[in-house]
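Number of protein chains: 2
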Amino acid sequence: MSANETKERILDAAERLFAEEGFDATSLRAVTAAAGTNLAAVNYHFGSKAALLPAVVSRILEPVNARQLELLEALEAAETTASVEQLVEAFVLPIVDLFDEEGDRGPMVGRLFARIMGDPGADMQRMVLEQVQESDGRYQAAFGRVLLHLPPEEVWWRFRTTAAIAGSMAPVVVSRHVHVETMLALLGAPPAMAGTGRDARLGWMLTFLSGALRAPATGAASRAERQPARALAEAELDEQRLDRRADDRVSVEAFER
Amino acid sequence: MSANETKERILDAAERLFAEEGFDATSLRAVTAAAGTNLAAVNYHFGSKAALLPAVVSRILEPVNARQLELLEALEAAETTASVEQLVEAFVLPIVDLFDEEGDRGPMVGRLFARIMGDPGADMQRMVLEQVQESDGRYQAAFGRVLLHLPPEEVWWRFRTTAAIAGSMAPVVVSRHVHVETMLALLGAPPAMAGTGRDARLGWMLTFLSGALRAPATGAASRAERQPARALAEAELDEQRLDRRADDRVSVEAFER
DNA sequence: GCTCGTTCCATACGAACGTTTGCATGATAA
DNA sequence: TTATCATGCAAACGTTCGTATGGAACGAGC
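Take a look at the structure:
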C-alpha cells in the first residue's frame, strides 16, 4: 500500500473519531483500527498524536480558504463596490458547502469544527488562527471598506464574531449536525428550517449575519429604545436582588452616556 | 471538615480545571489535588467522574436562569410591550455578568461554557438543554410575540442561534477570555473594545444580537442586493472551479425564488 | 538478483487513568 | 462509655493510554 494511501486513511479515521468523540477521548488504537493499519502507523507517519490534529484540520481548511479568497477576489475585481451581503456570502458559502458535503462527511466536519472553535485552549486557537490568517486579514480589510458607519475596532470585532459564528455555530445550529432529537424532546419546537436544504440554510445565515454586521454602531441606538429595559427591570427587582453590587447602576449610566 | 465544604472545594477545583484543560484532559487526581482532598473523595461525594460535570454546570447555571426569568417577568409585568433590545438585554445581561464576575472566575466560567456549548456530543447537549429548558421556552414565546415580521420557525431558529452565541461566543469573542495575545500576534489588529469594561461589552452584544434578530425574514431581501454577488462570483470563477457540481446554479435559482 | 530505503507490523514498556477497598477518624446520640 | 454513622485517607486494582523497538515485507535502482 502506498504511503499516501495510508496517511489518507489515517486522516479519514482521525477526522471522524475526533469529530465524534473529541481529541482527548480518541485513542490512537481506535484511529488505527478504523483506518485498518497498525498502531505504530500514526507515530511513523505523523510523529505523534498531537501532530495528527493539525494535519486533519489543515486538510479540511485549505480548500475552504482557497475558495474564500477566490470569491473575494472576484468581488474585488468587479467595477461596483461589494455589498455587505455579497461579502458575507463570499465568506460563508465555502463554509456552508463544506458542512454540506454529500454523505455524512459534512455533518462530521461540522462537529469537528464546533469542537475546535469552541476550545478555548491557547494551542487550539493558535492552530486555527494560523490556518485562516490570510483569508481572515483580506476579509477584515474588505469589510472595513464597506461598513463605513462603524469605527475600525467595531468592524474588527464584528467580523471576528461573524467568522467564529460561521465556523462554530453554523454547523451546530443552522445545519443538520445538531442532535435535533434532543432539542425536540427538550425544547419542543419545530426546527423545520433545518430540513430545507443548503440554499435555505445559506440564505438564513446571510440574513442573520448581515443583520448583525449592518447594525448601527454601538451607542448609536436611541435612548428611548434602550433605556427603559434596564430602568424598568432594575426598579422592579431591586428588593429581590440583594446580592447586586452597588456600582451596578453607576456603570449603566456610564454606558448610556 | 464538613461534607458541604469538601463538595464545594471539589466543585471549585473541577470548574477551574475543566475550563482550563477540558473534561477529558482533567484527571481526578488533578482535581482532588487542587481541592486538597483525597483521590477517593470525588467518587464518594459524586459517584463518578462523569457525574461531576453536571454538578459543576448546574451550580453555575442555576442563578443565571433565575435572573433571566426575573428580568423577563419584570418586562412582562410592564404595561408596554417589550422591545427586541429589551428582551435581548434581559436574556444576555445575566450571562454577561456571569462572565464578568470579579477575580478570574468570570473568564474561567466563560472558557468552560465555550467548551461545553461547542461540544457536539449528544450527552453534553442534553445536559445543557435540560438545565436551560424553562428559561429557554419562556424567551422563545416572548420573542415570538415581538418579532412579528418573522414566521414562527424563523423566530425559533434565530433565538436558538442567539442563545448559543450568547453562551459560547460571547465569552470567547467579546470578553477577555480569548487568548488575545495569540489573536494579536496572528491577526494583528487592535481589539481595543474588549478592554473597555462590562457595559461596553454588553452594549456591543445587544447591538450585534438585536441586529441579527431584527433582520428581515429570509427571502425578503431585494434581488438587486443579493443576486449580483452570486452571479458575478460564479461567472468569473467558472473556469477555475472544475470540481463544482452541476446542480449548483440550479439550487441558487430555487433559493432566489 | 541483490541492495537499500521505505513502509508495515507485532510486541513491549512505563505511565497515568477511574474506581474500589479496608480501615482510621471524629462527631453524635443513646 | 459505647454504638453508629458519615467522612477521610492510603493503597492497590485492572485497564488503557502514547510511544518506542526490532525485524519482516516490499519495491525501485543498479
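Top line first, the protein sequences correspond to chains Z and U.
Going left to right, the first sequence walks through residues 1 to 257 as the working numbering numbers them.
Going left to right, the second sequence walks through residues 1001 to 1257 as the working numbering numbers them.
Built from N, CA and C at the ideal position, the CB exists for glycine as well.
Since we're looking at a predicted model, the values are computed, not measured.
**Request:** Compute the beta-carbon to beta-carbon distance between residue 218 of chain Z and residue 1162 of chain U, rounded to the nearest angstrom, for a pair I have assumed lies under 8 Å.
**Result:** Going by Cβ atoms, the distance from residue 218 of chain Z to residue 1162 of chain U rounds to 17 Å, so no, they are not a contact pair.
**residue 1130 of chain U - DSSP class collapsed to helix/strand/coil** = Correct three-state label for residue 1130 of chain U: helix.
**Prompt:** Is residue 103 of chain Z helix, strand or coil when you go by DSSP?
**Reply:** coil
**Asked** How many Å lie between residue 138 of chain Z and residue 145 of chain Z at the Cα?
**Response** 11 Å
**Prompt:** With a cut-off of 9 Å, does the C-beta of residue 54 of chain Z fall near any C-beta of chain U?
**Reply:** no
**Message:** Assuming residue 1046 of chain U and residue 1055 of chain U are in contact, meaning their beta carbons sit under 8 Å apart, how far apart are those beta carbons, in whole angstroms?
**Reply:** 6 Å
**Request:** Have a look at Z:168, Z:160, Z:37 and Z:99 and flag the residue whose alpha-carbon is nearest the alpha-carbon of residue 7 of chain Z.
**Result:** Z:37
**Message:** Suppose the cutoff is 6 Å on Cβ atoms and the five residues either side in sequence are ignored; what does the same chain contact list for residue 49 of chain Z look like?
**Reply:** 28
**Close-in-space but distant-in-sequence residues of the same chain around residue 177 of chain Z (CB under 6 Å, 5 per side omitted)** = Summary for residue 177 of chain Z: the model assigns pLDDT 47, below 50, so the residue's position carries little reliability; its value from the coordinates is reported in the next sentence. Here the set comprises 107, 110, 111 and 171.
**Item:** Among U:1160, U:1121 and U:1118, nearest to residue 1259 of chain U - alpha-carbon criterion
**Value:** Only positions 1001 to 1257 of chain U appear in this structure, which leaves residue 1259 of chain U out of reach.
**Asked** When you compare only the Cα positions, how much space is there between residue 211 of chain Z and residue 1158 of chain U?
**Response** 12 Å
**Nearest to residue 69 of chain Z (by Cα), restricted to the options Z:199, Z:95 and Z:10** = Z:95
**Request:** Could you tell me which chain U residues have their CB closer than 7 Å to the CB of residue 58 of chain Z, listed as they occur along the chain?
**Result:** Those do not exist, as residue 58 of chain Z stays about 15 Å from chain U at its closest Cβ, beyond 7 Å.
**Asked** Per DSSP, what kind of secondary structure is residue 7 of chain Z in: helix, strand or coil?
**Response** helix
**Asked** Taking all protein chains shown into account, do 16 or more other C-beta atoms lie within 10 angstroms of the C-beta of residue 240 of chain Z, making it buried, or fewer, making it exposed?
**Response** Caution is warranted here: a pLDDT of 34 is assigned to residue 240 of chain Z, below 50, making its placement in the model unreliable, and the coordinate value is therefore given only provisionally. Answer is exposed; the Cβ neighbour count stays below 16.
**Request:** Tell me whether residue 54 of chain Z sits in a helix, a strand or coil according to DSSP, three-state version.
**Result:** DSSP places residue 54 of chain Z in the helix class (H, G or I) of the three-state scheme.
**Supposed contact pair residue 1168 of chain U and residue 1117 of chain U - C-beta distance, whole angstroms, cut 8 Å** = 4 Å
**Prompt:** Taking 9 Å as the CB-CB cut-off, is residue 1039 of chain U touching chain Z?
**Reply:** no
**Asked** Do you know offhand how far residue 1100 of chain U's Cα is from residue 74 of chain Z's?
**Response** 42 Å
**Request:** Starting from the C-beta of residue 67 of chain Z, find all residues in its chain whose C-beta is less than 7 Å away, skip the five residues before and the five after it, and write them out in chain order.
**Result:** 94
**Prompt:** For the alpha helix (DSSP H) that residue 197 of chain Z lies in, which residues bound it at each end?
**Reply:** Element bounds for residue 197 of chain Z: n/a, residue is neither H nor E.
**Request:** Under 7 Å Cβ to Cβ from residue 1124 of chain U, same chain only, skipping five residues before and after it: list those, please.
**Result:** Residues of the same chain with a CB within less than 7 Å of the CB of residue 1124 of chain U, apart from the 5 flanking positions on each side, are 1116 in chain order.
**Asked** Which bits of chain U does residue 25 of chain Z rub up against, with CB to CB less than 8 Å?
**Response** 1024
**Request:** Count the other CB atoms, across all protein chains shown, that sit within 10 Å of the CB of residue 19 of chain Z; report buried if there are 16 or more and exposed otherwise.
**Result:** Burial of residue 19 of chain Z is indicated by the presence of at least 16 other C-beta atoms within 10 angstroms of its C-beta.
**Request:** Return the first residue and the last residue of the alpha helix (DSSP H) that residue 1043 of chain U is part of.
**Result:** 1041 to 1046
**Asked** If residue 209 of chain Z sits next to residue 165 of chain Z, beta carbons under 8 Å apart, how far is it from one beta carbon to the other, in whole angstroms?
**Response** 7 Å
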